[in-house]
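Scroll down for the structure; my scribbles are underneath it.
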Ligand code: PEP
Ligand code: MN
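Written out as structure tokens, the structure is:
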């Protein structure tokens with residue numbers, strides 16, 4: 033949690049990150065590839081309503097050596113050309129203090145902290161320190177895994193080094209069951225983040241959540257329904273040729289169609305938030321039901337083992353079975369302290385006992 037600061041302090045009212053008439057759209061290619069690719073894409077995007085900021089990855093955090101690592105500093109020259117030619121503001125990801133120095137030298141307007149950097153408090157601290165005394169908006173992506181405190185902590189570090197124009201980008205989380213997403217949105221977690229930092233503008237990156245074109249619309253709409261301030265969408269004039277993330281980038285005209293179909297009027301944010309909470313609670317119940325089933329199956333295996341042992345020829349005097357009444361009494365008193373209805377517990381365990389009666393577990 034941010035300490036000793038009021039939420040208003042975290043967010044200097046800015047028309048760059050805050051929602052103006054409609055959501056702010058940040059768009060551009062996953063990676064800067066050539067000046068031609070940057071300009072062709074930016075000119076296409078400039079025509080779209082709501083697009084005010086151009087994005088492009090200059091240094092790419094890639095899993096494997098040998099994949100495209102980004103063009104590096106030359107891409108910052110192309111970003112500058114984009115700004116001169118289109119008037120769009122520019123943004124790029126920085127992952128260490130030398131990236132920051134290069135980006136500032138090339139007059140990048142907004143810095144983005146990528147998901148693979150937010151996970152590393154050392155790097156975030158290094159970047160935050162290198163921005164001390166610099167007045168530039170910083171947008172912090174959520175960390176790769178579901179660690180809300182790291183996301184909040186990164187915002188806290190930038191605030192601590194004097195950055196007052198901070199935004200957050202929700203790009204989804206790597207979970208064990210991501211399907212059908214590339215990164216699971218876990219919308220409820222963003223609502224938790226918002227509870228702690230309500231004044232931080234929240235942007236959604238549907239591209240890295242969806243990982244495929246068909247999911248971009250529902251993810252973007254859900255974000256807008258939840259009152260997000262804008263979207264960060266990857267766009268390339270020719271996605272088929274993209275050197276990274278070709279599967280979800282949209283041509284500028286496709287992005288235009290997407291934006292046209294998104295509903296922004298008459299949105300019921302409270303209703304959408306309630307829906308997210310309900311969905312989350314339903315999922316929790318599903319999960320608990322699975323656990324109940326798993327427990328019953330484990331119990332069944334143990335009772336079978338017990339039954340086998342009891343039927344085997346005795347080498348010593350068999351242990352006396354337990355009195356059912358005593359078992360039930362103990363369960364009911366535990367039910368009381370666990371806050372579970374006693375009658376319900378009695379019914380459930382009587383059924384369980386009936387089911388396993390043949391195992392001679394209990395005395396009558
Ligand atoms: C990106 O935006 O190009 C990117 C690498 O995203 P993330 O940090 O969300 O993985
Ligand atoms: Mn990408």
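In this note's numbering, the protein residues as written are 33 to 396. Glycine residues also receive a C-beta, built at the ideal position from the N, C-alpha and C atoms.
Buried or exposed (CB count within 10 angstroms, at least 16 for buried), residue i
i	result
residue 63	buried
residue 173	buried
residue 310	exposed
residue 239	buried
residue 194	exposed
residue 150	buried
residue 85	buried
residue 77	buried
residue 181	exposed
residue 131	buried
residue 317	exposed
residue 66	exposed
residue 250	exposed
CB-CB length for residue i against residue j, believed under 8 Å
i	j	result
residue 74	residue 89	About 14 Å separates the two Cβ atoms, so there is no contact after all.
residue 123	residue 106	Rounded, the Cβ-Cβ distance is 17 Å, inconsistent with contact.
residue 278	residue 267	Residue 278 to residue 267, Cβ: 12 Å. No contact.
residue 114	residue 120	6 Å
residue 409	residue 55	Here the chain comprises residues numbered 33 to 396, so residue 409 is not present and cannot be evaluated.
residue 247	residue 213	7 Å
residue 225	residue 183	6 Å
For residue i, three-class secondary structure by DSSP
i	result
residue 95	coil
residue 44	In this prediction, residue 44 has a pLDDT of 42, which is less than 50 and means its spatial position is unreliable; nothing more can be read from the coordinates.
residue 249	helix
residue 254	helix
residue 446	Since the first residue shown for the chain is 33 and the last is 396, residue 446 is missing from the structure and cannot be characterised.
residue 89	strand
residue 35	Bear in mind that the predicted position of residue 35 carries a pLDDT of just 34, short of 50, making it unreliable; the figure below should be weighed with that in mind. Reduced to three states, the DSSP call for residue 35 is coil.
Residue interval of the beta strand (DSSP E) (run including residue i)
i	result
residue 234	234-236
residue 59	56-60
Delimiting residues of the alpha helix (DSSP H) encompassing residue i
i	result
residue 301	301-343
residue 75	67-78
residue 121	Here residue 121 belongs to no alpha helix (DSSP H); instead the beta strand (DSSP E) covers 121-125.
residue 100	Careful: residue 100 lies outside any alpha helix (DSSP H) and carries neither H nor E.
residue 221	219-228
Closer than 7 Å: residue i CB and nearest the ligand NAP heavy atom
i	result
residue 65	Absence of the ligand NAP is noted for the structure shown, with the ligand PEP and the ligand MN being the only ligands found.
Can you list, in chain order, the stretches of the beta strand (DSSP E) that have 3 or more residues and sit fully within the region 131-157? 142-145
Could I get the ranges of all uninterrupted beta strand (DSSP E) runs contained in the region 166-211, with 3 residues as the minimum, in chain order? 170-173 and 198-202
What are the complete beta strand (DSSP E) segments, minimum 3 residues, inside the region 366-392? none
Threshold first: 4 residues or longer. Then list the alpha helix (DSSP H) segments lying entirely within the region 263-296, N to C. 284-293
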